[in-house]
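Visitor: Those protein sequences? They're chains A and B, same order as listed. Here the first sequence is numbered in our numbering, starting from 2 and rising by one per residue. Here the second sequence is numbered in our numbering, starting from 64 and rising by one per residue. Note that the Cβ used here is the ideal one computed from N, Cα and C, for glycine as well.
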Amino acid sequence: MKTRALIIMVCFLICKVAISQTPQETSDLRILSFDEWSAKYSTLDDKNKIINAVSICELTIDGKRCLDNPVEVKLNADSKMEFKNLLWYRWDIQKKRWVKESSPKFRIDRNKKNGAYYTTINCPGVYGFFSPDEKLNSGLNIIAPSGCKILTVSVAQKNPSTAYNALYEKPQSKINIPVSDLQFAGFIDVEIIDKEGKHYGLKKNLIGAHIDLRNGFDRGESMNLKISRNDLIEKQNLSNK
Amino acid sequence: MRNKIKLMVVMTGWMITTASFGSTMVTFEDAIKRGLISYQVSTDYAANRSMELEINNNSNNPVNVQLEAGRIFYATQDIQPYVVTRPSIIALAPHAQDEVMIYARCGNSSAKSPMHDTRFGRTSMGPQLLVQALTDLNNLRINNNSLAQQVVWHYTNGHSLNSIIVYSDNEKELLKRICDNENAEFPWYQKHYAPSQTGNDLDFSNVPTLIQGDMQVVLTKPTNVQVKLYNSEGKSVKTISAFLNQPAGQCTIPLNINLSDIATGDYKIVIENDAGVKIDERSIAV
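#1: Lysine 75 of chain A versus chain B: which residues are under 8 Å apart at the beta carbon?
#2: Once you ignore the five residues that flank proline 24 of chain A on each side, which residues in its own chain have a CB closer than 6 Å to its CB?
#3: Does the beta carbon of aspartate 232 of chain A come closer than 8 Å to any beta carbon on chain B?
#4: Is the number of C-beta pairs between the stretch 292–306 of chain B and the stretch 258–265 of chain B that are closer than 8 Å three or more?
#5: Give a yes or no on whether the minimum CB-CB distance between aspartate 69 of chain A and chain B is below 8 Å.
#6: Just to make sure I have the definition right: I need the residues of chain B whose C-beta is within less than 8 Å of the C-beta of leucine 30 of chain A. Which are they?
#7: Verify the CB distance criterion: does serine 299 of chain B have a CB-CB separation below 8 Å to chain A?
#8: Quick check: the Cα distance between lysine 227 of chain A and isoleucine 144 of chain A, rounded to an integer number of angstroms?
#9: Relative to the C-alpha of lysine 150 of chain A, which residue among A:Asn53, A:Leu233, A:Gly129 is closest?
#10: Leaving aside the five residues before and after arginine 97 of chain B along the sequence, list all residues of the same chain whose C-beta is less than 8 Å from its C-beta, in chain order.
#11: When burial is assigned at 16 or more other CB atoms within 10 Å of the CB, is arginine 262 of chain A buried or exposed?
#12: Which whole-angstrom value is the C-beta distance of glutamate 102 of chain A and arginine 91 of chain A, which I expect to be below 8 Å?
#13: Taking Cβ-Cβ distances shorter than 9 Å, what residues in chain A pair up with aspartate 337 of chain B?
#14: Leaving out five residues before and five after alanine 132 of chain B in sequence, what residues of the same chain have Cβ atoms less than 8 Å from its Cβ?
#15: Note down, in chain order, every chain B residue with its Cβ under 8 Å from the Cβ of valine 191 of chain A.
#16: Mind pulling the chain A residues with CB within less than 9 Å of proline 310 of chain B?
#17: What is the DSSP secondary structure of phenylalanine 84 of chain B, counted as helix, strand or coil?
#18: Assign glutamate 33 of chain B to buried or exposed, taking buried as 16 or more other Cβ atoms, counted over all protein chains shown, within 10 Å of its Cβ.
#19: Quick one: is proline 177 of chain B buried, meaning 16 or more other Cβ sit within 10 Å of its Cβ, or exposed?
#20: In chain order, what residues of the stretch 89–115 of chain B put their CB closer than 7 Å to some CB of chain A?
#21: Thinking C-beta only, is leucine 87 of chain A closer than 8 Å to phenylalanine 131 of chain A?
#22: Does tyrosine 330 of chain B pass the burial test, meaning 16 or more other C-beta atoms within 10 Å, or should it be called exposed?
#23: If you drop the 5 nearest sequence neighbours on each side, which residues of the same chain put their C-beta closer than 7 Å to that of glutamine 22 of chain A?
#24: Please report the distance separating the alpha-carbon of isoleucine 122 of chain A from that of proline 71 of chain A.
#25: Leucine 307 of chain B and isoleucine 32 of chain A: beta carbons closer than 8 Å?
#26: Once you ignore the five residues that flank valine 270 of chain B on each side, which residues in its own chain have a CB closer than 8 Å to its CB?
#27: Just to confirm my understanding: we take threonine 139 of chain B, look at its own chain, exclude 5 residues before and 5 after, and list those with CB closer than 6 Å. What are they?
#28: If I'm right that valine 74 of chain A touches alanine 305 of chain B with Cβ under 8 Å, what's the distance once you round it to whole angstroms?
#29: From which residue to which residue does the beta strand (DSSP E) around glycine 151 of chain A run?
#30: Examine the Cβ distances between the stretch 184–201 of chain A and the stretch 150–165 of chain A and report whether three or more of them are shorter than 8 Å.
#31: Tell me which residues share the same chain as lysine 254 of chain B and place their Cβ nearer than 6 Å to its Cβ, disregarding the 5 neighbours each side in the sequence.
#32: Do you know how far the Cα of asparagine 49 of chain A is from the Cα of cysteine 78 of chain A?
#33: With distance defined between alpha-carbon atoms, name the residue in B:Ser231, B:Ile342, B:Ala326, B:Thr302 nearest to threonine 283 of chain B.
#34: Using the C-alpha atoms, what's the distance from glycine 328 of chain B back to aspartate 69 of chain A?
#35: Specify the secondary structure class of valine 215 of chain B as computed by DSSP and reduced to three states.
#36: Which residue comes first and which comes last in the beta strand (DSSP E) that contains asparagine 31 of chain A?
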């Protein structure tokens with residue numbers, strides 16, 4: 002009888018301690034810098050169209066899958082900024098594309114000078130405000146020197162902020178990337194492999210160093226970047242290091 | 064014309080004198096001490112003013128009893144006492160009995176609210192600061208039972224100033240006066256509690272639900288700002304909100320912290336930029 006009472010008492014105490022020590026889940030929203038996100042995520046939607054990133058953040062949760070009380074996100078947009086019709090996207094890990102979430106609410110301040118977009122995040126992942134790319138052209142054709150093939154391409158440019166990162170399982174001699182608004186100061190890198198298996202990268206990573214942008218891009222047109230052997234620098238084979 | 068005005072003034076003075084002639088105005092305290100009255104307190108749940116006062120004039124004269132705001136009627140059991148929140152004057156004819164509903168709130172948040180069968184005994188005036196706060200509440204013509212209850216529990220149970228929820232300018236003025244009386248700072252946030260599961264607003268749930276407030280910060284350049292909650296060990300617990308592309312200058316960061324997933328304790332609200340650099344911080348108690 003005494004043993005039974007003791008067991009019940011011990012169970013009660015254990016339960017009580019367990020309840021009071023339930024660890025509090027933690028969540029953290031991190032706003033990603035341009036360098037951070039542009040190296041990881043292409044700014045392509047699930048229709049393979051380029052979209053312009055305005056702000057990208059990542060929610061991590063240490064605990065259960067989603068938060069009961071979401072993180073509130075407000076993006077200030079004043080009249081000088083072209084923050085019109087911004088949309089809210091989530092990075093789909095499977096598709097490797099940005100997928101549209103419910104539209105953020107837009108409210109204008111009383112003075113009608115400033116406005117702001119409001120949204121919330123419940124579940125872990127990478128999210129961002131994007132604006133649609135209105136310059137619909139056929140993108141950039143990158144052509145490898147004869148006898149060479151393209152392995153990877155990275156393009157990253159600010160204002161509007163776009164990025165394109167691709168790894169080709171089957172190396173190609175010519176590729177088309179759906180970037181439309183090329184900027185002189187933008188970053189480009191192309192990894193190329195020759196017949197002997199040597200790896201090359203671009204000597205210069207400035208877009209303006211490779212493409213003449215003076216005439217711009219017309220609607221429906223594409224631009225060509227023909228890479229010559231002289232543009233390349235041999236990359237050290239990491240496996241030999 | 065002047066004669067007419069003079070006559071009116073004299074007439075009015077005479078009418079006032081006549082009306083009050085023969086009646087004695089006494090405070091509840093004095094009336095009891097002098098044995099002029101006897102009373103009994105009960106509860107009427109149907110009415111908003113849930114305290115019912117049965118009062119008898121034991122004297123041969125008419126008497127006007129002034130029931131003071133801040134007077135406490137104690138229950139004989141471990142039940143919340145009633146605290147009168149609105150003063151009233153009860154006019155009683157000689158040896159007359161009257162039943163009056165009194166604006167009152169409960170005065171002990173950790174006990175149960177009075178029931179039909181609750182008996183009340185002694186009475187006394189509450190602490191001076193409570194009396195002053197309730198006097199201010201009435202002077203400002205605030206008719207908000209929830210606020211009156213929060214003010215009462217602030218004094219009877221030490222609920223923090225943050226638990227006094229104010230919305231209108233008058234209500235904010237009341238809280239300012241309470242803070243001034245206590246030499247305390249105006250609370251920068253408000254802490255809301257869930258209504259009691261009993262459905263009775265005289266019961267206290269002790270379940271905090273929401274913290275609301277504003278933080279003013281000055282930004283030297285446009286930046287992204289995040290509001291984070293740190294526990295007492297300095298560990299980041301959660302991100303509450305993010306304000307992207309916040310322009311430079313003075314800005315108001317609104318806080319709406321739902322407390323349903325936050326354990327009780329002391330925390331710091333930290334405003335950081337996207338590089339994790341602290342811009343400002345404040346303490347809160349959940």
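Guide: According to the structure shown:
#1: In the first sequence, residue 75 of chain A corresponds to position 74, counting from 1. Taking the beta carbon of lysine 75 of chain A as reference, the chain B residues within 8 Å of it are Ser304, Ala305, Phe306, Leu307, listed in sequence order.
#2: Against the first sequence, residue 24 of chain A aligns to sequence position 23. Low local confidence applies: a pLDDT of 49 at proline 24 of chain A is under 50, so the model's placement there is unreliable, with the coordinate-based value given in what follows. Excluding residues up to 5 positions away in sequence, nothing lies with its Cβ nearer than 6 Å to the Cβ of proline 24 of chain A in the same chain.
#3: Residue 232 of chain A sits at position 231 when you count from the first residue of the first sequence. Output row for aspartate 232 of chain A: interface = no.
#4: Contact fails: fewer than three Cβ-Cβ distances are below 8 Å.
#5: Here residue 69 of chain A corresponds to residue number 68 of the first sequence, with the count starting at 1. In terms of beta-carbon proximity, aspartate 69 of chain A lines the interface with chain B, with at least one pair separated by less than 8 Å.
#6: Numbered from its first residue, the first sequence carries residue 30 of chain A at position 29. For leucine 30 of chain A, the C-beta contacts it makes with chain B under 8 Å involve Gln289, Thr302, Ala305, in order along the chain.
#7: Reading the second sequence from its first residue, position 236 is the one you call residue 299 of chain B. True, the Cβ-Cβ gap to chain A drops below 8 Å.
#8: As a first step, residue 227 of chain A must be located in the first sequence, where it is residue number 226. As a first step, residue 144 of chain A must be located in the first sequence, where it is residue number 143. Annotation: lysine 227 of chain A to isoleucine 144 of chain A spans about 5 Å, alpha carbon to alpha carbon.
#9: Along the first sequence, read from residue 1 onward, the residue named residue 150 of chain A stands at position 149. Nearest of A:Asn53, A:Leu233, A:Gly129 to lysine 150 of chain A, Cα basis: A:Leu233.
#10: Working through the second sequence from its first residue, we reach residue 97 of chain B at position 34. Non-local beta-carbon contacts of arginine 97 of chain B in its own chain, meaning distances under 8 Å to residues more than five positions away in sequence, involve Val89 in chain order.
#11: Outside the shown range of chain A (2 to 242) lies residue 262 of chain A, about which nothing can therefore be said.
#12: Stepping through the first sequence from its first residue, residue 102 of chain A is reached at position 101. Stepping through the first sequence from its first residue, residue 91 of chain A is reached at position 90. The Cβ separation is near 5 Å, so the contact holds.
#13: In the second sequence, counting from the first residue as 1, residue 337 of chain B sits at position 274. Among the residues of chain A, those whose CB is under 9 Å from the CB of aspartate 337 of chain B are Arg31, Ile32, Leu33, Ser34, Cys58, following chain order.
#14: For the purposes of this step, residue 132 of chain B is taken as residue 69 along the second sequence, with counting starting at 1. Within the same chain, and ignoring the five residues on either side of alanine 132 of chain B in sequence, the residues whose Cβ sits closer than 8 Å to its Cβ are Val147, Thr148, Arg149, Pro150, Val194, Leu197, Thr198, Leu200, Asn201.
#15: Residue 191 of chain A sits at position 190 when you count from the first residue of the first sequence. Here the premise fails: no neighbours, minimum Cβ distance about 31 Å.
#16: By one-based count along the second sequence, residue 310 of chain B stands at place 247. Close partners of proline 310 of chain B in chain A (Cβ separation under 9 Å): Asn77, Asp79, Asn115.
#17: Counting from one through the second sequence, the residue named residue 84 of chain B turns up at place 21. With a pLDDT of only 46 at phenylalanine 84 of chain B, under 50, the local geometry of the prediction cannot be trusted, and no value is derived from it.
#18: Examination of residue 33 of chain B is not possible in this model, given that chain B is present from 64 through 349 alone.
#19: Residue 177 of chain B sits at position 114 when you count from the first residue of the second sequence. Result: buried.
#20: Answer in chain order: no residues at all.
#21: Here residue 131 of chain A refers to the residue found at position 130 when the first sequence is read from its first residue. Here residue 87 of chain A refers to the residue found at position 86 when the first sequence is read from its first residue. For the pair phenylalanine 131 of chain A and leucine 87 of chain A, the CB atoms are nearer than the 8 Å cut-off.
#22: Here residue 330 of chain B is taken as the residue at index 267 of the second sequence, counted from 1. It is buried - the Cβ of tyrosine 330 of chain B has at least 16 other Cβ atoms within 10 Å.
#23: Taking the first sequence and counting its residues from 1, one reaches residue 22 of chain A at position 21. Any reading at glutamine 22 of chain A must be qualified, since the residue scores a pLDDT of 36, below 50, and its modelled position is unreliable; the value itself is stated next. A distance below 7 Å between beta-carbons, with the five flanking residues on each side excluded, links glutamine 22 of chain A to no residue of its chain.
#24: Within the first sequence, residue 122 of chain A is the residue found at index 121, counting from 1. Within the first sequence, residue 71 of chain A is the residue found at index 70, counting from 1. Using only the alpha carbons, I get a separation of about 5 Å.
#25: Counting from one through the second sequence, the residue named residue 307 of chain B turns up at place 244. Counting from one through the first sequence, the residue named residue 32 of chain A turns up at place 31. In this structure, isoleucine 32 of chain A lies closer than 8 Å to leucine 307 of chain B by Cβ.
#26: Position 207 of the second sequence, counting from 1, holds the residue named residue 270 of chain B. Closer than 8 Å at Cβ, skipping near neighbours: Tyr256, Ala257.
#27: On the second sequence, position 76 is the one that residue 139 of chain B refers to. Within the same chain, Arg182, Gly184 come within 6 Å of threonine 139 of chain B by CB-CB distance, once the 5 residues on both sides are set aside.
#28: Walking along the first sequence from the start, residue 74 of chain A turns up at place 73. Walking along the second sequence from the start, residue 305 of chain B turns up at place 242. Rounded to the nearest angstrom, the Cβ distance from valine 74 of chain A to alanine 305 of chain B is 5 Å, consistent with a contact under 8 Å.
#29: The residue you call residue 151 of chain A lines up with position 150 of the first sequence. The sequence given here has isoleucine at residue 151 of chain A, not glycine. Residues 149–158.
#30: Note that the stretch 184–201 of chain A touches the stretch 150–165 of chain A; at least 3 beta-carbon pairs, one per stretch, sit closer than 8 Å.
#31: Taking the second sequence and counting its residues from 1, the one referred to as residue 254 of chain B is at position 191. Counting only residues of its own chain and dropping the five nearest sequence neighbours on each side, lysine 254 of chain B has a CB closer than 6 Å to the CB of Asn225, Ser226, Pro271, Ile274.
#32: Reading the first sequence from its first residue, position 77 is the one you call residue 78 of chain A. Reading the first sequence from its first residue, position 48 is the one you call residue 49 of chain A. Before going further, note that residue 78 of chain A is alanine rather than cysteine in the sequence given. Spanning the two alpha carbons is a distance of roughly 27 Å.
#33: The sequence position of residue 283 of chain B within the second sequence is 220, counting from 1. When only C-alpha atoms are compared, the closest one is B:Ile342.
#34: In the first sequence, the residue the question calls residue 69 of chain A occupies position 68. In the second sequence, the residue the question calls residue 328 of chain B occupies position 265. Cα-Cα distance, rounded: 19 Å.
#35: Numbered from 1 along the second sequence, position 152 holds the residue referred to as residue 215 of chain B. Helix, per DSSP.
#36: Numbered from its first residue, the first sequence carries residue 31 of chain A at position 30. In the sequence under discussion, the amino acid at residue 31 of chain A is arginine, which differs from the asparagine named in the question. Counting along the chain, the beta strand (DSSP E) containing arginine 31 of chain A begins and ends at 27–32.
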